[in-house]
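Per this note's numbering, the very first residue in the sequence shown carries number 26; after that it's consecutive.
All residues carry an ideal CB built from backbone N, CA and C; glycine is no exception.
A quick write-up on the structure given underneath.
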Amino acid sequence: MGRFFVSSAMVVVLFVSVSVSHARMTDADRNALLGEIFKLETAKEKIVAEIRKFDDAIKKSAASISKSETIIGLARQKGNAQAEAVAGKALAEAKASQSRSLKNKSDAELVLRRLERTLSLAKSGDKNIEAIREQVEFETQYATWEKKQQQLIQQRLQEPNKTAGAIQRSLMANVPPLPGKTFSQLQSGDVLLIEPEDGRLKGVNPITLGDNAATGGNKSFASHTVIYLKEVNGTKLFLDNQPGEGPRIITEIDFQNRYGHRGMDVATLGKLAEPLRNDEGEGLFRAAMEMHKKNADKTANSWWGDTNYGVVGKDEVVCSEADWALLKNAGKFLPKSSDRAKVEHGIDLSPADYYNSPYFVVTPLQMHKNDGNSD
């Protein structure tokens, strides 16, 4: 009964805060938001309880460590090797248990910070209800969220990739390919490859410099990636992963505000990497390599050098490992970097590596001010 009373009181408090912060919302949206906030509060309570358990376990392990060390000292004084061995084993187990509990607590505290951040966003009224709902599922039911996103990518891969087909035909005919996708044509799994804040500094950005140096000096101008998830009720949703913030679901408005000004000109924002079916990737890669082999010198200063499609080489493509992992989990075979040094240091794939993969086609993203609403 006490538990029900506390929960009911929390609902009343939440309803008041939602009513104040979201006065312009419809009743349906306000009720939906209330439900999402309640989920977050419930998840937060569970995490706080878990952290308390880990604290208790850490204290218990500390006591066991102290006791074992005392026994070892006494056993050595008396020359009791057997007692020393038993206490030594207990000491090792206690230290291992304490280490696990410390890690579990650290992980739980990270989850708690993310939940609190999402809760703050939900209560602030600054986020789209669909983005909040997506973020809540991401934070509280990640396995379910990931499965849904993988299904969207798998469905998308059942259909022929129009971009790959158009580029392959243009390569075979030796004519310039059509312009890349527009913002309104994004599909689940598309990776947006974004240049640094100041386009003039894209060649000296520390991220791209370090990546290119580790990848044999190939040129990659992108310094950040964002993966497109889906559109819900007319609102495009993306997964962003900024240092210090962690994975966040952002809307197209958030995306435009944060990244819309980047790129070499108004119409183009970074580059776009589209996942391909195996047959599409292999066919496109073969056609590109054949053309590159026959016309390398001729095309160096022609249309091919200016398109930035990146079918050959690693000129201007980037994708974060988070995006790569999401696509890989969707059932795509995506190999690791061919750079042994990076793989040995735990970097499965870095920005400059993506151009060598036959599983992606990279095209310019046509980013017009009004493009979010029409083709």
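Sheet register partners of residue i (DSSP bridge)
i           : result
residue 256 : 261
residue 77  : Its beta-bridge partners do not exist; DSSP assigns none.
residue 62  : According to DSSP, residue 62 bridges with nothing at all.
Near the ligand GDP: residue i beta-carbon under 7 angstroms from a heavy atom
i           : result
residue 255 : With respect to the ligand GDP, the structure offers nothing, as it holds no ligand at all.
Beta-carbon proximity list for residue i, same chain, < 6 angstroms, skipping 5 on both sides
i           : result
residue 122 : 86
residue 261 : 277
residue 253 : 211, 215, 263
residue 321 : For residue 321, the predicted structure reports a pLDDT of 48, less than 50, and the residue's modelled location is therefore unreliable. A value from the coordinates is still provided. Closer than 6 angstroms at the Cβ level, and outside the excluded window around residue 321, lies no residue.
Residue i versus residue j - alpha carbon distance
i           : j           : result
residue 127 : residue 172 : 30 angstroms
residue 178 : residue 213 : 5 angstroms
residue 159 : residue 144 : 13 angstroms
residue 153 : residue 117 : 51 angstroms
residue 114 : residue 164 : 39 angstroms
residue 4   : residue 51  : Coverage of the chain is limited to positions 26 through 400, which leaves residue 4 absent and any answer about it impossible.
residue 141 : residue 65  : 8 angstroms
residue 136 : residue 69  : 9 angstroms
residue 389 : residue 218 : 9 angstroms
residue 391 : residue 131 : 42 angstroms
residue 99  : residue 129 : 33 angstroms
residue 282 : residue 272 : 17 angstroms
residue 147 : residue 97  : 54 angstroms
residue 183 : residue 208 : 21 angstroms
residue 279 : residue 285 : 9 angstroms
residue 174 : residue 95  : 54 angstroms
residue 251 : residue 304 : 26 angstroms
residue 176 : residue 167 : 14 angstroms
residue 149 : residue 53  : 18 angstroms
residue 67  : residue 57  : 16 angstroms
residue 258 : residue 222 : 30 angstroms
residue 105 : residue 267 : 56 angstroms
First through last residue of the alpha helix (DSSP H) which encompasses residue i
i           : result
residue 211 : Note, residue 211: premise wrong, no alpha helix (DSSP H); not H, not E.
residue 166 : Element bounds for residue 166: n/a, residue is neither H nor E.
residue 118 : 106-149
residue 153 : Element bounds for residue 153: n/a, residue is neither H nor E.
residue 277 : 277-284
Chain-order list of residues whose beta-carbon lies under 7 angstroms from that of residue i (same chain, five-residue window excluded)
i           : result
residue 119 : 86, 89, 90, 93
residue 162 : 169, 170
residue 274 : 156, 159, 160, 163, 262, 264
residue 101 : 109
residue 181 : 212, 213, 214
Residues near residue i by beta carbon distance below 8 angstroms, same chain, minus five either side
i           : result
residue 133 : 72, 75, 76, 79
residue 256 : 262
residue 83  : 123, 126, 127, 130
residue 103 : none
C-beta neighbour in chain C for residue i, strict 8 angstroms
i           : result
residue 119 : Looking for chain C here will not work: only one protein chain is present.
Are there three or more Cβ pairs, one per stretch, closer than 8 angstroms when the segment 70-79 is compared with the segment 97-111?
no
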